[in-house]
Each structure stands twice: as structure tokens, then as C-alpha cells.
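Asker: Below is the structure I would like to discuss, written out as C-alpha cells.
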Amino acid sequence: MDLSIIIPTYNRAGLLKYTLDSLSKEKHPGVVYEVIVVDDKSSDNTVDVVTQEYPDVVFLINSGKGAGAARNTGLNVATGKYVLYLDSDDIIGLGYFLEKVQFLERNDATMACYGNYDFFAGTGSYSHDLVIAKNKYPIYTSENLIKDHLIHYLSGKFIPPLAIIWRRKLLLQLNGHDESLIINQDVDLFFRAIFNNLTLVGIDDNTKVYIRHHSLDTRVGSVENNPQKWVQLLEIRKIVFAELVQRSLNTSEYLKPLSYYVFSRWKVLRHTEQHIAADYLAFCKRVFWPVDIKGSILFRLLALVAGPVIAVDLKYFLLKHD
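All residue numbers for the sequence shown refer to my numbering, where the first residue is 205 and numbers rise by one.
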């Protein structure tokens, strides 16, 4: 088996059909793949839809512990050399994984690759007029640019997880997703992969995966209104900071984007989750605090005129472009 496609799902029987139908069109000589759907105890007719209409799909019932656990359940039964995680409402463009699998076959040292993607609106099938314009992650075609990936992730710019094809052996080495997390499971996995010498290549082959834009309330393990997600988001960054220090990467090149990302989250939290927000601000000051850098007199003047939050924000911006 070349590729295992793992799809966690929860109460998305109708949307899941679009995902599975797009995969059924992927017929490539020399590339054998399996589709594994992991149902997180849906209360709709997901079981009937998958088992009756898609008999070739491996269908598993998970324990209702969320998306990370569902992905690990799929990983534990996967037989493919490579793994692609899909959400249960997204659509694979024709030919998306062919060249990427072939690239990984030719390059044993590369642990993962990723490709292009679009976001689209609506509850039906994909069409070009439904595409939503958004900033996208750049395609880095050299595996020597892992530093750039790290800086992007520190600053909160992520590759959509369904655009990445992994070597299964790396995922097993990392013990899959952290099931204790209710947010940023994919980001945590990527950070751990980077700190385990990830080699990653972008493949620009004119194919795309199409990501449906929707509210978070129907995702597996939705945490839209759970304040614990903010605690965990910061805990992940604390672990990353410790890794940077341990690896002597605690330089401004890495600490500035990490600190500013946490500061930007603090701005969201400071009026609604003040206790948690205080921890965010303390972490920013511990990691990299631009107020202590050159230009303190100008900073004080700006703080008086525009307010301290805007002043700190501008200081981060100016330092980022030094």
C-alpha cells in the first residue's frame, strides 16, 4: 500500500460524500491507496452512508475523544507507506497526491511534502467561483529551508494539515497527534516534527486540495467556546520556547515571531479572558519584549498619543522589518 488517507468525521454524512466522491476519481497506475474514515460517534447516518455507499472504505468507530484521537486510531490501522489526513468536508483535486507520492518514492530522505490549496465557500461541491481569497503558505521547493518553515510556524502561519503527505514511519516515531490537546493538534505535530529533523518539500504541480470554509461547530472535537483552548495554545508555545533554548535557537530571528504571535493572541483575550491573558503577556515579556529595545523615548511618546497596545504593536512591526 502506497498511501493511507485518514478522515476523522463527526455528524457530516452529507459533506463526507463530497470528500469520498473526490477520492473515488483518483485512479493512478502504480499508486495504491486506502481510505480510512474514523467516525467520532456521530449521531447522524454517517455509518449507513459509508458502509452502504462506499464499501471499499475502511470504516472505524472512535471513542468520541476528538480529532487527534480519531487520527491516531486511523494511523494505528493504516498500512500505507505515506499518510494524508483529510477533513471530512474537504475535496481532493484531481491528481493531487500522484506526483507527491512519486517524489517521496524517489527521495528517501524527504519525510513529508505539501502542495497548493484553495479555500472555498458553500455546502455543496467545489467550483472555482466559490473560491475565497486568503493569504497562503508559500511553496518552498528546497528541503534546506526548514528554518523558514519554523519561522512561519512561530509567527502563526501554517500549512493546512490536509495539504501535507507524511511518511508514516515519521508519524509513528512522533507517536502521532497529542490526544490531550483540544486545539492546535496539527501545529503541535509539525513543531515536534521540525525538532525531530523534519525534511519537507513543497511540490508545485498545478494540483490543489480544496478546503471548505465553515464555522467550527461541526468539526471533530470543536472547541469554539472552550477557554481551555487558550491555555493549551500557550502551553504549546512554552514547550516550543524551551526547545529553542535547548537547541541554542533562542535568537531574535526566532523569538520575535514567537513573541509577536502570542502578543496578537493576548490582544484578542485581554477583554474576555483576563486571567489567561495575563499569562500570555508575561510569556511575551519573557521571550522577547520590544519595549526594552532601542527607541524607548519614541515608544513612550507613541504610547501617550496612541495608547500602549498600539505602541507595542508598532514596535514589533518595526523590529520585524529591521
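All C-beta atoms, glycine included, are put in the ideal place defined by N, C-alpha and C.
In chain order, what residues of the same chain have a beta carbon less than 6 Å from the beta carbon of GLY278, not counting five sequence neighbours either side?
Answerer: In the sequence shown, counting from the first residue as 1, residue 278 sits at position 74. If we look at GLY278 and ignore the five residues flanking it on each side, its Cβ neighbours are ILE210, ILE240 and VAL242.
Asker: Check each candidate in PRO342, GLY319, HIS381 and LEU438 and name the one with the smallest Cα separation from ASP409.
Answerer: Taking the sequence shown and counting its residues from 1, the one referred to as residue 409 is at position 205. Considering only alpha carbons, the answer is GLY319.
Asker: Excluding the five sequence neighbours on either side, which residues of its own chain have a C-beta within less than 8 Å of the C-beta of TYR344, listed in chain order?
Answerer: Numbered from 1 along the sequence shown, position 140 holds the residue referred to as residue 344. Answer for TYR344: ASP352, HIS353, LEU404, VAL405 and GLY406, listed in chain order.
Asker: With C-beta atoms as the reference, is ILE387 less than 8 Å away from GLN436?
Answerer: As a first step, residue 387 must be located in the sequence shown, where it is residue number 183. As a first step, residue 436 must be located in the sequence shown, where it is residue number 232. Yes, the pair counts as a contact, with Cβ atoms nearer than the cut-off.
Asker: Can you tell me the Cβ-Cβ gap for ARG216 and SER292, rounded? I've got them flagged as a contact below 8 Å.
Answerer: As a working note, residue 216 is residue 12 in the sequence shown. As a working note, residue 292 is residue 88 in the sequence shown. With 8 Å as the limit, ARG216 and SER292 qualify as a contact, their Cβ atoms being about 5 Å apart.
Asker: Rank LEU219, ASP260 and SER246 by C-alpha distance to the C-alpha of VAL236 and give the top, closest one.
Answerer: The residue labelled residue 236 in the question sits at position 32 within the sequence shown. Closest option to VAL236, Cα to Cα, is ASP260.
Asker: Whole angstroms are fine: how far does the CA of TRP370 sit from the CA of LEU508?
Answerer: What you label residue 508 is simply residue 304 of the sequence shown in a count that begins at 1. What you label residue 370 is simply residue 166 of the sequence shown in a count that begins at 1. Confidence at LEU508 is low in this model, with a pLDDT of 47, below 50, so its placement is unreliable and no value can be given for it.
Asker: What would DSSP say about LYS412, mapped onto helix, strand or coil?
Answerer: Taking the sequence shown and counting its residues from 1, the one referred to as residue 412 is at position 208. Residue state, collapsed to three classes: strand.
Asker: Pick out whichever of TYR321, ALA325 and VAL449 has its Cα sitting closest to the Cα of TYR300.
Answerer: Start at 1 with the first residue of the sequence shown, and residue 300 comes out as number 96. Per the Cα distances, TYR321.
Asker: Whose CA, out of LEU438, LEU462 and THR455, lies closest to the CA of ILE480?
Answerer: Translated into positions along the sequence shown, residue 480 becomes position 276. Between ILE480 and the set LEU438, LEU462 and THR455, the nearest pair of CA atoms involves LEU438.
Asker: Should the stretch 306 to 320 be called in touch with the stretch 359 to 374, which here means at least 3 C-beta pairs below 8 Å?
Answerer: yes
Asker: What residue does the beta strand (DSSP E) around ARG371 start on, and which one ends it?
Answerer: Sequence index remark: in the sequence shown, residue 371 carries index 167 (1-based). Start and end: 368 to 371.
Asker: With a threshold of 7 Å on Cβ separation, who are the neighbours of SER456 within its own chain once the five nearest residues in sequence on each side are excluded?
Answerer: Here the question's residue 456 lines up with position 252 in the sequence shown. Around SER456: PHE492.
Asker: Taking its Cβ as the centre, do 16 or more other Cβ atoms sit within 10 Å of GLN450, making it buried, or is it exposed?
Answerer: Indexing the sequence shown from 1 puts residue 450 at position 246. Classification of GLN450: exposed, given that the 10 Å Cβ count is below 16.
Asker: Quick check on VAL281: does DSSP put it in helix, strand or coil?
Answerer: As a position in the sequence shown, residue 281 is number 77, starting the count at 1. It is helical.
Asker: Whose CA, out of TYR414, GLY380, LYS412 and GLN432, lies closest to the CA of ALA282?
Answerer: Residue 282 sits at position 78 when you count from the first residue of the sequence shown. Here the closest residue by C-alpha is GLY380.
Asker: DSSP three-state call for ILE386: helix, strand or coil?
Answerer: For the purposes of this step, residue 386 is identified with residue 182 of the sequence shown, where counting begins at 1. Coil.
Asker: Could you check if LYS285 belongs to the surroundings of the ligand MG, using beta carbon to heavy atom distance under 7 Å?
Answerer: As far as ligands go, the structure on display features none, and thus does not contain the ligand MG.
Asker: Quick one: Cα of LEU220 to Cα of ASP333, how far?
Answerer: Position 16 of the sequence shown, counted from the first residue, corresponds to residue 220. Position 129 of the sequence shown, counted from the first residue, corresponds to residue 333. Approximately 21 Å between the Cα atoms of the pair.
Asker: Since ASP322 is in the beta strand (DSSP E), which residue starts that stretch and which ends it?
Answerer: The sequence position of residue 322 within the sequence shown is 118, counting from 1. First-last of the beta strand (DSSP E) with ASP322: 320 to 324.
Asker: Express the C-alpha separation of LEU358 and ASP206 in angstroms, rounding to a whole number.
Answerer: What you label residue 206 is simply residue 2 of the sequence shown in a count that begins at 1. What you label residue 358 is simply residue 154 of the sequence shown in a count that begins at 1. Their Cα atoms are separated by approximately 32 Å.
Asker: In terms of residue numbering, what span does the beta strand (DSSP E) encompassing ALA289 cover?
Answerer: Stepping through the sequence shown from its first residue, residue 289 is reached at position 85. It is Tyr, not Ala, that sits at residue 289 in the sequence shown. Residues 286 to 289.
Asker: Please state if the CB of ASP294 and the CB of TYR414 are separated by a distance shorter than 8 Å.
Answerer: Working through the sequence shown from its first residue, we reach residue 414 at position 210. Working through the sequence shown from its first residue, we reach residue 294 at position 90. Cβ distance < 8 Å, so TYR414 and ASP294 count as in contact.
Asker: Provide the residue span of the beta strand (DSSP E) that contains PRO212, from first to last.
Answerer: For this step, residue 212 is matched to residue 8 along the sequence shown. 207 to 213 is the span of the beta strand (DSSP E), which, as asked, contains PRO212.
Asker: Residue ranges of each alpha helix (DSSP H) run of no fewer than 4 residues wholly in the stretch 421 to 494, ordered along the chain?
Answerer: 432 to 450, 456 to 473 and 478 to 491
Asker: Under three-state DSSP, which class holds ALA313?
Answerer: Within the sequence shown, numbered from 1, the residue matching residue 313 stands at position 109. Coil, per DSSP.
Asker: Which term fits PRO233, buried or exposed, when burial requires 16 or more other beta carbons within 10 angstroms of its beta carbon?
Answerer: To locate residue 233, count along the sequence shown from 1; it is residue 29. That one is exposed.
Asker: Any idea which residues DSSP pairs VAL251 with across the strands?
Answerer: Numbered from 1 along the sequence shown, position 47 holds the residue referred to as residue 251. Looking at the DSSP assignment, VAL251 forms no beta bridge with any residue, so it has no partner.
Asker: Between the alpha carbons of GLY268 and ILE350, how many angstroms are there, rounded?
Answerer: Locating residue 268 in the sequence shown gives position 64, where the first residue counts as 1. Locating residue 350 in the sequence shown gives position 146, where the first residue counts as 1. About 35 Å.
Asker: Following the continuous alpha helix (DSSP H) through LEU227, name the residue where it begins and the one where it ends.
Answerer: What you label residue 227 is simply residue 23 of the sequence shown in a count that begins at 1. Its alpha helix (DSSP H) spans residues 217 to 228.
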